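J.: Its first residue numbered 0, the sequence shown is counted upward by one per residue in numbering that gives the first Met the number 0. Ideal Cβ placement from N, Cα and C applies to all residues, glycine included. Predicted, not measured: the structure shown is a model, and the values here were computed from it.
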Amino acid sequence: MLNLLKRNKSKFIERTEPKFSLPTTNKVPQTERRNDSTIVIKRHESTHPSIGLTPARAASILLEAERGTLYPQCELAEDMEEKDTHLQSELGKRRRAVQGLNWHIVPPPRATDAEQRDAELLTEIIESFTWFDDCIYDATDAILKGFSCQEFVGWEQVDGLMLPTGIEYRDPSWFQCHPDNKNELRLRDGSHEGQELAPFNWIFHTAKSKSGYLSRIGLIRTLVWPFIFKNYSIRDLAEFIEIYGLPIRIGKYPAGATDKEKNTLLEAVMQVGHNAGGIIPTGMELDFKNAAEGGAEPFTSMINWAELSMSKAILGGTLTSQAGSVGSQALGNVHNEVRFEVRDSDAKQLAATLTRDLIMPLYMLNGKSFNDPNRHPRFEFDLSEPEDLTTYASNLPTLVSMGMKISTAWVHDKLQIPIASEDDDILKAAEPQMPAFLSAKNPKGFVTLNASQEVDPLKAAPAVITGNDWQQTIDPVLKPIVDIIMQNDLATAKNKIEDLYSDLDSEQLQDMIARGIFVAQLWGRLNA
Numbered sequence: 000m001l002n003l004l005k006r007n008k009s010k011f012i013e014r015t016e017p018k019f020s021l022p023t024t025n026k027v028p029q030t031e032r033r034n035d036s037t038i039v040i041k042r043h044e045s046t047h048p049s050i051g052l053t054p055a056r057a058a059s060i061l062l063e064a065e066r067g068t069l070y071p072q073c074e075l076a077e078d079m080e081e082k083d084t085h086l087q088s089e090l091g092k093r094r095r096a097v098q099g100l101n102w103h104i105v106p107p108p109r110a111t112d113a114e115q116r117d118a119e120l121l122t123e124i125i126e127s128f129t130w131f132d133d134c135i136y137d138a139t140d141a142i143l144k145g146f147s148c149q150e151f152v153g154w155e156q157v158d159g160l161m162l163p164t165g166i167e168y169r170d171p172s173w174f175q176c177h178p179d180n181k182n183e184l185r186l187r188d189g190s191h192e193g194q195e196l197a198p199f200n201w202i203f204h205t206a207k208s209k210s211g212y213l214s215r216i217g218l219i220r221t222l223v224w225p226f227i228f229k230n231y232s233i234r235d236l237a238e239f240i241e242i243y244g245l246p247i248r249i250g251k252y253p254a255g256a257t258d259k260e261k262n263t264l265l266e267a268v269m270q271v272g273h274n275a276g277g278i279i280p281t282g283m284e285l286d287f288k289n290a291a292e293g294g295a296e297p298f299t300s301m302i303n304w305a306e307l308s309m310s311k312a313i314l315g316g317t318l319t320s321q322a323g324s325v326g327s328q329a330l331g332n333v334h335n336e337v338r339f340e341v342r343d344s345d346a347k348q349l350a351a352t353l354t355r356d357l358i359m360p361l362y363m364l365n366g367k368s369f370n371d372p373n374r375h376p377r378f379e380f381d382l383s384e385p386e387d388l389t390t391y392a393s394n395l396p397t398l399v400s401m402g403m404k405i406s407t408a409w410v411h412d413k414l415q416i417p418i419a420s421e422d423d424d425i426l427k428a429a430e431p432q433m434p435a436f437l438s439a440k441n442p443k444g445f446v447t448l449n450a451s452q453e454v455d456p457l458k459a460a461p462a463v464i465t466g467n468d469w470q471q472t473i474d475p476v477l478k479p480i481v482d483i484i485m486q487n488d489l490a491t492a493k494n495k496i497e498d499l500y501s502d503l504d505s506e507q508l509q510d511m512i513a514r515g516i517f518v519a520q521l522w523g524r525l526n527a
């Protein structure tokens, strides 16, 4: 990265010392500093609240989050993502959809040359960050939990530029809400209010799945209910499969049997069920009743409902994951369009965060044109989709012929085809191939052309094509057909015409017809 910036520094304005300097404390992560209140949150270990989770316990965790204690809700979200393969898969699609987008740094409107050069410099700086793709992915963790925090591990001055040395994802359990402001996130340091997040230290992203306080905007609060019901159904299905098809076994002991004899009989009953054999004392009986009846449909129906609910909440539809009972390509396309809308919303929210927490600090510390805080570069994802080339290729020539003035830059942007530079090789239309019959040996009087001759057929034709030439060329094709039609009825003529040129292969027949059509067109144009 350092060599890249040194090599390209001359492309931008001459660097001086940064306009702003970082406080000394910002050169190390905030979570590594020690003051009067020692930070203890780094020793926090998850309690894994999904173990033995009940609806009552889930409701209690959500209520705690509303009161500002966020970590139980975040721990539950982490457990759910680890344990539920469907949830993890759908959430991964949504997160990676944003990570796969192209991006660019946009200068402010009516940008000056200095502002344009600063935007180019910031683009090159961010492209050199090897951790930036992971930063985007970790920021999208906010989709489930409501927020995501990443901390710069430090800043350093490199060739006149102040740059972050790296970034690390911080566990959501390290944070709490301010007791008097539920939208303000703070570090847990053992105090009641927590520690304020230091400037130039964090990328703090919130992803709004719904409106509300910070603790209520994540998808966790919607997904926890289908997660619970699905796991209940899976547990019940496992129990059903364990006993399905096995007969009910009833042991009978005589009156006055001791506890030891009863336990012996019970052990024998269980042994017969699992090992298909066992022993019981004399005087005791073992009866077998009908096997358990029923099916797995009620359990699988509940599991399917839960997974479809998760897909709707995460991706906005179900047919991008599974066809269901009534799937179709048209419905799948509609659901895919909804998924694109969700992706675009995520991208716009994340772009605003990166502009505030990454672009602005870099611009304030390194930008030569920084004067007005309202005029600054913005981070943007490219959300445009390439248009259908076939549609544009067939319709644009028609619109241009009607007199419409269409910008080539607009067409390049719509089709996402980059404009070639002067040094690039340009695609050109292929030269039309000369038909085989024009370069072949022709009958007497027929115009002979080949690719090396620059001859205008229309100009050359009057001198060489005469009525006699026309007859010599077209008669071999038409005269036998006309004679058959004149001498036979329609059905007979049709059969004879089909056999007329059976001795010619398809290439010879095509060549003969092409010769006739070519001469007929020339003769018609010259003598009409």
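#1: Between K495 and I483, is the Cβ-Cβ spacing less than 7 Å?
#2: Do Y252 and L265 come within 7 Å of each other at the CB atom, strictly closer than that value?
#3: Alpha carbon to alpha carbon, how far is A305 from T397? Give it in angstroms, no decimals.
#4: Using DSSP's beta-bridge definition, name the partner residues of N180.
#5: Taking 7 Å as the cut-off, decide whether the C-beta atoms of C134 and F203 are in contact.
#6: Is P434 helix, strand or coil when you go by DSSP?
#7: Is there contact between the segment 175 to 183 and the segment 213 to 224, where contact requires at least three CB pairs shorter than 8 Å?
#8: Please report the residue range of the alpha helix (DSSP H) in which N29 lies.
#9: Straight-line CA distance for E123 to E195?
#10: Do you know how far the Cα of D423 is from the Cα of M511?
#11: Rounded to the nearest angstrom, how far is the Cβ of W102 from that of F380, given a contact under 8 Å?
#12: Mind pulling the beta strand (DSSP E) runs of 3 or more residues that sit fully within the segment 189 to 257?
#13: Which stretch, first to last residue, makes up the alpha helix (DSSP H) that contains H85?
#14: Note down the Cα distance separating F517 from L508, rounded to an integer number of angstroms.
#15: Mark T205 as exposed unless 16 or more other C-beta atoms lie within 10 angstroms of its C-beta, in which case mark it buried.
#16: In chain order, what residues of the same chain lie with their CB nearer than 6 Å to the CB of D345, ignoring the 5 residues before and after it?
#17: Return the bridge partner residues of S505 from the DSSP annotation.
#18: Measure the alpha-carbon distance for P479 versus E497 and round it to whole angstroms.
#19: Between which two residues does the beta strand (DSSP E) harbouring H375 extend?
#20: Please report the straight-line C-alpha distance between L357 and A351, rounded to a whole angstrom.
#21: Which complete beta strand (DSSP E) runs does the segment 336 to 422 hold, if anything under 3 residues is left out?
#22: Quickly, what does DSSP pair S147 with across the bridge? List them, please.
#23: Relative to the C-alpha of V410, which candidate in F151, T164 and N394 has its C-alpha closest?
#24: In three-state terms, what does DSSP make of E21?
#25: Between which two residues does the alpha helix (DSSP H) harbouring E306 extend?
T.: The short version:
#1: yes
#2: no
#3: 52 Å
#4: H177
#5: No, these two residues do not count as a Cβ contact at 7 Å.
#6: Note that P434 has pLDDT 48, beneath the 50 cutoff, so the model's placement of it is unreliable and the number below is only indicative. Correct three-state label for P434: coil.
#7: yes
#8: The sequence shown places Gln at residue 29, not Asn. Per DSSP, Q29 belongs to no alpha helix (DSSP H) and is neither H nor E.
#9: Distance between the alpha carbons of E123 and E195 is about 32 Å.
#10: 45 Å
#11: 5 Å
#12: 201 to 205 and 246 to 251
#13: T84 to Q98
#14: Rounded to whole angstroms, the gap between the alpha carbons of F517 and L508 is 14 Å.
#15: In the assembly as shown, T205 is a buried residue. Its beta-carbon has 16 or more other beta-carbons within 10 Å.
#16: V97
#17: By DSSP's assignment, S505 forms no beta bridge with any residue.
#18: 12 Å
#19: In the DSSP assignment, H375 falls outside any beta strand (DSSP E) and carries neither an H nor an E.
#20: 10 Å
#21: Runs of the beta strand (DSSP E) inside the segment 336 to 422: 377 to 380.
#22: H204
#23: N394
#24: Note on identity: in this sequence residue 21 is Leu, with Glu being the wrong assignment. L21 falls in the coil class under three-state DSSP.
#25: Element bounds for E306: E296 to L314.
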